[in-house]
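S.K.: One structure follows; several queries about it will come next.
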Ligand code: NAD
Ligand code: TYD
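Numbering (my numbering), first residue to last: 460 to 811.
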């Protein structure tokens, strides 16, 4: 495999990362896909059970804060492209523990940039450092849409840490000539999302007849994109984006939280054969998230016109697929919520 192009994907055992790894392993046999992940509570190798034996896939358990490890990975393979997804990703957790978000999302990104810079110094040709960011760096918008020119205005510790890492990525491009790309995507949904985020949390609670906690009045708006469409946008940008560019990614699919939760109630009741209205009775309005951003909405026209990417998954179909997946993967849910998933690593990787 000496002639393979080595692509380092960080956070590949997480929700979005696992879909990106799967797409790259399957679509590009000419690449060796290196998945670097420290397996926090949000990372689970079971997410990749269907590609883990592919010859062009390699898992490396490690932390992006470990500069020595990063340098050794860059020199051993050598790495030609980085797609950086590893992060702390949940807004509620960031409000309780901002330091951890600064460490992983800011310092971790800087370490990765440093490793790429020292490995690629003087030979930047054909290299690319691609940071997967979020539309939340733009703040909250009442009307209109975030474009790539919208000023950065993060409002939660999570989005502040992602905005900061975006700035460092651009600073490495500007100061050291590192070829970089950034994309900022709206809210993702789909299989393998940790059940602390809105959609899987609601499905899980409906299954177990637990209250459905709606923050505030449920009037906050999010723009939802099926995770495989995000992965295909990342593929398009990685291969077609020009160094220094930023791309917004979104599905033009805005929903008020309460309307989305009600739709999920209907789908889950139908699929479980329960009487209509059963799940709806579980809706419980709770204290709002502090500083809760009212609305995110993405203008994705640049990625569409410059790369030809388009979202393929209709929301009704994507949601139905997602609900079915969670209903038939109750083992996965109990593993990720109980810590059992760590045993998968011991069984599949440590002993082989
Ligand atoms: P996730 O929380 O599901 O996964 C994060 C992954 O990173 C996990 O596998 C975790 O083990 C790993 N990780 C965390 N800290 C690490 C460290 N120090 N070293 C190595 N690995 C580490 O997150 P996600 O929802 O898949 O999001 C992936 C990326 O996409 C993040 O950068 C996030 O900011 C961004 N993003 C997410 C969304 C969304 O809707 N979920 C939308 C836009 C952008
Ligand atoms: P979330 O999935 O945490 O994503 P983000 O905050 O990054 O957009 O939340 C999506 C929306 O759902 C957000 O407006 C907060 C709201 N929400 C609830 O109302 N109840 C919940 O239990 C959760 C987790 C989120």
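Positions of the beta carbon are idealized from the N, C-alpha and C atoms, including for glycine.
Since the structure is predicted, the reported quantities are computational estimates derived from the model, not experimental observations.
Any heavy atom of the ligand TYD closer than 6 angstroms to the beta-carbon of residue 643?
M.R.: Flag unset: Cβ of residue 643 not near the ligand TYD.
S.K.: If you compare alpha carbons, which of 775, 492 and 551 is closest to residue 540?
M.R.: The shortest C-alpha separation from residue 540 is found at 492.
S.K.: As an exercise, report each continuous beta strand (DSSP E) stretch of at least 3 residues that is fully enclosed by the stretch 596 to 634, in chain order.
M.R.: DSSP runs (the beta strand (DSSP E)) wholly in the stretch 596 to 634: none.
S.K.: Under 6 angstroms: does the beta carbon of residue 597 sit that close to some heavy atom of the ligand TYD?
M.R.: Not under cutoff, so the answer is no.
S.K.: Is the Cβ-Cβ distance between residue 675 and residue 752 less than 7 angstroms?
M.R.: No. Outside cutoff.
S.K.: What are the boundary residues of the alpha helix (DSSP H) that includes residue 665?
M.R.: Looking at the DSSP string, the run of the alpha helix (DSSP H) that includes residue 665 is 657 to 666.
S.K.: Look at the alpha carbon of residue 651 and the alpha carbon of residue 525, and state the distance between them as a whole number of angstroms.
M.R.: Looking at the two C-alpha atoms, the distance is approximately 26 angstroms.
S.K.: If I follow the unbroken alpha helix (DSSP H) through residue 704, where does it start and stop?
M.R.: Element bounds for residue 704: n/a, residue is neither H nor E.
S.K.: For residue 725, does the count of other Cβ atoms within 10 angstroms reach 16, so buried, or fall short, so exposed?
M.R.: Under this definition residue 725 is an exposed residue.
S.K.: How about residue 807 and residue 738: do their beta carbons lie closer than 7 angstroms?
M.R.: Not a contact, by the Cβ cut-off of 7 angstroms.
S.K.: Using only CA atoms, which one of 502, 620, 644 and 537 lies nearest to residue 691?
M.R.: Ranking the options by Cα distance to residue 691, first place goes to 644.
S.K.: Helix, strand or coil, according to DSSP, for residue 672 in the structure here?
M.R.: DSSP places residue 672 in strand when its eight states are reduced to three.
S.K.: If I measure Cβ to Cβ from residue 521 and keep anything under 7 angstroms in the same chain, skipping five residues before and after, which residues do I get?
M.R.: Result list for residue 521: 495, 497 and 528, in chain order.
S.K.: Check each candidate in 729, 758 and 697 and name the one with the smallest Cα separation from residue 708.
M.R.: Nearest C-alpha to residue 708: 758.
S.K.: Would you list the residues sitting across from residue 549 in a DSSP beta bridge?
M.R.: According to DSSP, residue 549 bridges with nothing at all.
S.K.: Which partner residues does residue 644 have in the DSSP bridge list?
M.R.: The partner list for residue 644 (beta bridge, DSSP) reads 593 and 708.
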